[in-house]
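**Student:** Just dropping this structure here.
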Amino acid sequence: MNIMTETALESAVNDKMNGTPNETIKMRGRKVCVFYGEKQALFDVDLDVRENQVTALIGPSGCGKSTFLRCLNRMNDTIDSARVAGKITLDDEDIYDPKIDVVELRARVGMVFQKPNPFPKSIFENVAYGPRIHGLARKKGDLDEIVETSLKKAGLFNEVKDRLHEPGTGLSGGQQQRLCIARAIAVSPEVILMDEPCSALDPIATARVEELIDELRQNYTIVIVTHSMQQAARVSQRTAMFHMGYLVEEGETDKMFTNPDDRRTQDYITGRFG
Amino acid sequence: MSLMLVFAAVLAIGAVAFFVGRQRALVQDDGKVKPHSRAHYHGWWAFLLATMPALLLLIVWGVGSNVYLQEHIKSQLPMQTADSPIASEKLAASLTTSLANGLRRLDPQTAANPPASFAELQPQLAARGVALAPDTQDYMIPIAVDANRMQDRLSLIGAILILAVSIGGATLGVSHVQVRARARNNVEKLVLWGLLGASTIAILTTIGIILSLLFQTINFFERVPLTNFFFGTVWDPRFAAAGSGGSEGQFGLIPLLAGTLYIALVAMLVAVPVGLMSAVYMAEYASPRVRAVVKPALELLAGIPTIVYGIFALVTLGPFLRDLSAALAGGTGFIQAQSVFTAGLVMGVMLIPVVSSLSDDIITAVPRAMRDGSLGLGATRSETIKRVILPAALPGIVGAILLTASRAIGETMIVVLAAGVAANLTANPFEAMTTITVKIVNQLTGDLEFNSPQTLVAFALGITLFALTLVMNIFALYIVRKYREQYE
Ligand SMILES: Nc1ncnc2c1ncn2[C@@H]1O[C@H](COP(=O)(O)OP(=O)(O)OP(=O)(O)O)[C@@H](O)[C@H]1O
Ligand SMILES: [Mg+2]
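Protein chains in written order, with my numbering: chain A, 11 to 284; chain B, 11 to 498.
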């Protein structure tokens, strides 16, 4: 018994060290179709998101990456014309079940947008926004702690610790994006969705956000949309390629970039179209 | 030549210049050198050169020759003495001017050689539909004839000069046409000046209004002490004609100011919450179809003339509230038919569309990214509105509210009909009070002598009102700026 446990532990540690990925499926999409009015934007997408991994969504502009991403936390509900069909689960729970509380779902599946969009409030208030509305801070001082740890996790704390009460909109673009990440982390989501989080950033800020994503992977499941092949290769463990509303193929990032099954993936990655 | 004719001629010259200039530019463009400006710009530049200086001269000449003519008439009138039949030189001059204008209606022969006595001339003029004051004097006739002759001469010279300038300008403009000439930039510059001029008109008008108020106000305060006006708690301007107790009335501003602010306050208490909530509904919740119906309907409310609201208050709402209060409390009821409450209520309803339509625009202008950011963190819609959208829209909303308040303070017709004209000082909203605007109308209408304090007080009230709204607008701007700095 004793020995067994020890070996189990050892193998677990070894797995971690070797980077053998955790294969638990966090979110599962089956036959996901999305319509904007009459127009169909996604066709029967089957895609799994694995726990504590970074899944990258790639594909040419207009192929439905953002649309799929927004399905995962039901942000499409806020678009009047959008309609979603198919099944998406989070921990084997159907998120489009009428019994599901959308607000709670979005607290579990957070989102970071393409353009940094801090609220016109102080840095502190930006991060404290989510914990406040969800009542996460029970005791006095809890809130301060949540804000501080979130900012630290987002790698922003040192830069802003002396100006927590200045407006978040006064930060640089890269800092604003990290502030938005801190804001999303502050509600302790299980999954973080990121829609081209670096498209408004310079290479240095991009590198910092990428580093951050890699660190966040320890505790969160991440889905990221990106147009940069290098970025997808650098930060993700799995990659999904979309084309014209269809999922073309999905697999381990290394394989996708070295030996894709589909011609279109090959063409897209080597820059022949898109 | 009449001014209208000259004006038309100048425009015609301008039109010719335009076509000639454009044609010339088209002909010159041989396709070898890229022209700096497109042909129509050359046309416009020629048009502007042909018309602008000439029209400027037209205005200056028109005004100048009139002034000159007046001076000329005055210099010919006999010296003003104690027993002059006409009260003042000014009056005599204006009688002569009217006479001169009247003479123009007669046929040229008679006009050049009219009968020497006014008694004889008057029937002839009357036959042409010219009515003149009976105290027009005989000696004015030759002066008038002379003035007419002089005016003819002046306008002929003017017409020749103006047409010369216009033709000169046209020639210059057309001669400017060259492949590399920068007609486009020139036109641009003139357009800029035109725009600048248009915006200056608004500013100049404001200054003019202030000055005209200011002079009469100073006039007023020479007769009535400042303390009487600003600190007096009684409004009782006695009629000058009553005489005996001195023409000095009591011009206490306080009851009017209190009435103005009180009614405005009640109106804002109605308009701001209702307007704001309907704006939030319209901007955040209404489906496009509902919005397409409700928004214009609400704005229709803003198009109803305020006098109609006043009638509604006077005929329907006022009596209804009085009877209602009578039924509730017995006796005559605690709400008077004309009251602060009634006026405020109706004014508030009038202001709802103002608040809601301004705020709606402001709320819709809050970027979608803000909403997404909040919703994406798991906030509900109303949390998003309360914590993100309204704070972001706050400066604009405060501005809208203050703008609305300015309107409430300046409103007249509803108050006259719904709150009455009695200048009470009371804290009871169910009694009649009145406002500054109502009293301005009151003091300016009626046959009081213009130069009496009873009339002049209207100007003092006007400038007070102006200062009040000005301070409010400045305050609004201040708030908007302050928050904007913080938020952007
Ligand atoms: N709100 C909307 N209303 C109507 N159609 C939409 C809407 N949003 C997206 N679409 C359409 O759905 C399709 C997929 O759009 P989506 O935004 O998901 O593309 P994307 O892959 O994210 O592209 P990009 O890389 O340019 O962001 C496009 O054809 C787009 O025109
Ligand atoms: Mg997108």
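Glycine residues also receive a C-beta, built at the ideal position from the N, C-alpha and C atoms.
Where do the ends of the alpha helix (DSSP H) carrying A:Val35 lie?
**Tutor:** Looking at the sequence itself, residue 35 of chain A is Ile, so the reference to Val does not match. Careful: A:Ile35 lies outside any alpha helix (DSSP H), inside the beta strand (DSSP E) at 35-46.
**Student:** Please list, in chain order, all residues of the same chain as B:Leu58 whose beta carbon is under 6 Å from its beta carbon, the five residues on each side excluded.
**Tutor:** Leu200
**Student:** Could you check where the alpha helix (DSSP H) with B:Val37 kicks off and where it finishes?
**Tutor:** 13-38
**Student:** Can a CB atom of chain A be found closer than 7 Å to the CB of B:Thr445?
**Tutor:** no
**Student:** Counting beta carbon pairs with one atom in the segment 44-61 of chain B and one in the segment 190-204 of chain B, are three or more of them shorter than 8 Å?
**Tutor:** yes
**Student:** Assign A:Phe252 to one of three DSSP states: helix, strand, or coil.
**Tutor:** strand
**Student:** Using a threshold of 7 Å, state whether the C-beta atoms of B:Gly207 and A:Arg116 are closer than that.
**Tutor:** no
**Student:** Using alpha carbons as the reference points, say which of B:Asp145, B:Asn76, B:Val359, B:Ile151 lies closest to B:Leu113.
**Tutor:** B:Ile151
**Student:** Is A:Arg138 close to chain B, meaning its C-beta is less than 7 Å from at least one C-beta of that chain?
**Tutor:** Note that residue 138 of chain A is Ala in the sequence shown here, rather than Arg. With 7 Å as the cut-off, A:Ala138 does not count as an interface residue toward chain B.
**Student:** The segment 377-403 of chain B: which residues have C-beta closer than 8 Å to a C-beta of chain A, in chain order?
**Tutor:** Pro377, Ala379, Met380, Arg381, Asp382, Gly383, Ser384, Leu385, Gly386, Leu387, Gly388, Ala389, Thr390, Glu393, Arg397, Val398, Pro401, Ala402
**Student:** I'd like the span of the beta strand (DSSP E) that includes B:Ala402, first residue to last.
**Tutor:** No beta strand (DSSP E) contains B:Ala402, which is instead part of the alpha helix (DSSP H) from 400-420.
**Student:** Could you check the C-alpha separation between B:Ala137 and B:Leu101 for me, to the nearest Å?
**Tutor:** C-alpha separation (whole angstroms): 25 Å.
**Student:** Go ahead and pull the three-state DSSP assignment for B:Pro306.
**Tutor:** helix
**Student:** Is B:Gly269 near B:Thr422, with beta carbons less than 7 Å apart?
**Tutor:** Judged by beta-carbon spacing, B:Thr422 lies beyond the 7 Å limit of B:Gly269, meaning their Cβ atoms are not closer than that value.
**Student:** Given a cut-off of 7 Å, decide if B:Ile450 and B:Ala432 are closer than it, judged by their beta-carbon atoms.
**Tutor:** No.
**Student:** Mind listing the chain B neighbours of A:Ala194? Cutoff is C-beta to C-beta under 8 Å, in chain order.
**Tutor:** Chain order gives the chain B residues near A:Ala194 as Gly386, Leu387, where near means a beta carbon separation below 8 Å.
**Student:** In three-state DSSP terms, what is B:Ala477?
**Tutor:** helix
**Student:** Which same chain residues end up closer than 7 Å to A:Ile195 when comparing Cβ atoms and leaving out the 5 residues on each side of it in sequence?
**Tutor:** Answer for A:Ile195: Ser160, Lys163, Ala164, listed in chain order.
**Student:** Mind checking B:Glu272: buried by the 16 CB within 10 Å criterion, or exposed?
**Tutor:** A small correction: the amino acid at residue 272 of chain B is Tyr; Glu does not occupy that position in the sequence shown. With 16 or more Cβ atoms within 10 Å of its Cβ, B:Tyr272 is classed as buried.
**Student:** Considering only residues of the same chain and omitting the five flanking positions on each side of B:Gly253, which have a CB-CB separation below 6 Å?
**Tutor:** Confidence is the limiting factor: at B:Gly253 the pLDDT is only 44, short of 50, which leaves the residue's position unreliable, though a coordinate-based value still follows. Correct list: empty, nothing qualifies.
**Student:** Any heavy atom of ligand 1 inside 6 Å of the beta-carbon of A:Thr77?
**Tutor:** True, at least one ligand heavy atom lies under 6 Å from that Cβ.
**Student:** Can you check whether the C-beta of B:Val490 is within less than 7 Å of a C-beta belonging to chain A?
**Tutor:** no
**Student:** My guess is that B:Pro235 and B:Gln453 are in contact by the Cβ rule of under 8 Å, so how many angstroms apart are they, rounded?
**Tutor:** The pair is not a contact, with the Cβ atoms about 18 Å apart (cut-off 8 Å).
**Student:** Starting from A:Lys4, trace the alpha helix (DSSP H) both ways and give me its first and last residue.
**Tutor:** Residue 4 of chain A is absent from the structure shown; chain A starts at 11 and stops at 284.
**Student:** What do you reckon, are the CB atoms on A:Arg40 and A:Gly96 nearer than 7 Å?
**Tutor:** yes
**Student:** Curious, which full-length beta strand (DSSP E) runs of at least 3 residues does the segment 175-253 of chain A contain?
**Tutor:** 201-205, 231-235, 248-253
**Student:** By DSSP, does B:Leu142 sit in helix, in strand, or in coil?
**Tutor:** coil
**Student:** At a cut-off of 6 Å, would you count A:Ala66 as near ligand 1, judging by its Cβ distance to the nearest heavy atom?
**Tutor:** no
**Student:** Leaving out five residues on either side along the sequence, give the residues of the same chain with a beta carbon under 6 Å from the beta carbon of B:Phe351.
**Tutor:** Pro439, Phe440
**Student:** Counting only beta-carbon separations shorter than 7 Å, does A:Phe134 have a partner in chain B?
**Tutor:** no
**Student:** Applying the 10 Å Cβ sphere with the 16-neighbour rule, what's the burial state of B:Tyr295?
**Tutor:** exposed
**Student:** Are the C-beta of A:Asn127 and some C-beta of chain B separated by less than 7 Å?
**Tutor:** yes
**Student:** Exposed or buried, what is A:His175 when buried is set at 16 or more other beta-carbons lying within 10 Å of its beta-carbon?
**Tutor:** Under a 10 Å Cβ-count criterion, A:His175 is classified as exposed, with fewer than 16 other Cβ atoms of the shown protein chains found around its own Cβ.
**Student:** Quick check on DSSP: helix, strand or coil for A:Ile110?
**Tutor:** coil
**Student:** What residues in its chain sit with their C-beta under 6 Å from that of B:Thr447, if we drop five residues either side in the sequence?
**Tutor:** Thr422
**Student:** Who does B:Phe261 pair with in a DSSP beta bridge?
**Tutor:** B:Trp245
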